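According to the working numbering, the sequence shown is numbered sequentially starting from 402.
Backbone N, C-alpha and C define an ideal beta-carbon position, used for all residues, glycine too.
All values derive from a computational prediction rather than experimental measurement.
Just below is one structure, and these are the notes that go with it.
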Amino acid sequence: MAGHSKWANIQHRKSRQDEKRGKIWTRVIREIIVAARQGGGDLESNPRLRLAVEKAKAANMPADTIKRNVDKATGNLEGVQYEEIRYEGYGIGGAAVMLDTMTDNKVRTVAEVRHAFSKHGGNLGTDGSVAFQFKHVGQLVFAPGTPEDALLEVALEAGADDVVTGEDGAIEVLTEPAAFEAVRDALQAANWVAEWADITMRPENTVTLLGDDAVRMRKLLDMVEDLDDVQAVYHNAELDA
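So this is what it looks like as structure tokens:
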């Protein structure tokens, strides 16, 4: 999401997470369970689990809670079976929206997702309808005013693919997903701490929405983000609201 609203979008995302602090544990636990089930319980050999555990620690989740859910996933304890499902659709002005969900009841989940889209003027699409508009990347976003040249040198040396400065001054460091941890750790070692850092689906192009359209799109995004089964929301809208 390049352009004037890059920093505003990041700040809104962070504030929404703060508002939903009580739900963060639920979402992180699901991610831990699925990551451990797919790649095993060894943090050293399972980068997805490693990232999920880091998120859990950042949310102040106790170590025994983390371990208990890893054990559930790897068969040492009985647990709920979650299925990963991605939904794709269109928001206001044709903006692309993708949702990553984890659910134990996909009938319930698709009904809730469809309702959220239709209530706020969007449309749920078919598989592949908007996914081609996004790229799977590691993304680190730094505040406007961060010295670009010094950051760029460290990032590229650590293996970053690109460093992009938006019109608002926010700086994005982009990596291959496999290189995300190495780049993030190298930047942290050089005292560059990102305001936002994650492996995400980044839009290749954006749609600018203004006024009422931006307000309507924000309501749609807020509603789908609040759904219990939704783990992550990706979109290509630049919003002025």
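- Mark A638 as exposed unless 16 or more other C-beta atoms lie within 10 angstroms of its C-beta, in which case mark it buried. buried
- Kindly indicate which three-state DSSP category E432 falls into: helix, strand or coil? helix
- Item | Closest by C-alpha distance to V481, when choosing among E489, V471, A460 and E445 | V471
- Task: Could you name each continuous beta strand (DSSP E) segment of 3 residues or more that falls completely within the stretch 475-557, going from the start of the chain to the end?
- Result: 484-491, 497-504 and 535-543
- Message: Which residues does DSSP list as the beta-bridge partners of V564?
- Response: According to DSSP, which records beta bridges pairwise, V564 is partnered with V574.
- Item | 8 Å contact criterion, which H516 and R617 should meet: CB distance rounded | Not really, about 16 Å apart at Cβ, beyond 8 Å.
- Query: Sorted by chain position, which residues of the same chain lie with C-beta nearer than 6 Å to V564's C-beta, five sequence neighbours on each side aside?
  - Reply: L553, A556 and V574
- Measure from the alpha carbon of A583 to the alpha carbon of each residue in A598, G570 and A571, then state which is nearest. Of A598, G570 and A571, the residue nearest in Cα terms is A598.
- Confirm, please, whether the CB-CB distance from Y488 to D505 is below 7 Å. With contacts defined as CB atoms closer than 7 Å, D505 and Y488 fail to qualify as a contacting pair.
- Message: In the DSSP output, which residue or residues are listed as bridge partners for A598?
- Response: L541
- Just mark F533 as buried or exposed, buried being the case when its beta carbon has 16 or more other beta carbons within 10 Å. exposed
- For L604 versus F535, is the C-beta spacing smaller than 7 Å? Looking at the sequence provided, one finds Pro at residue 604 rather than Leu. The answer is yes: Cβ separation under 7 Å.
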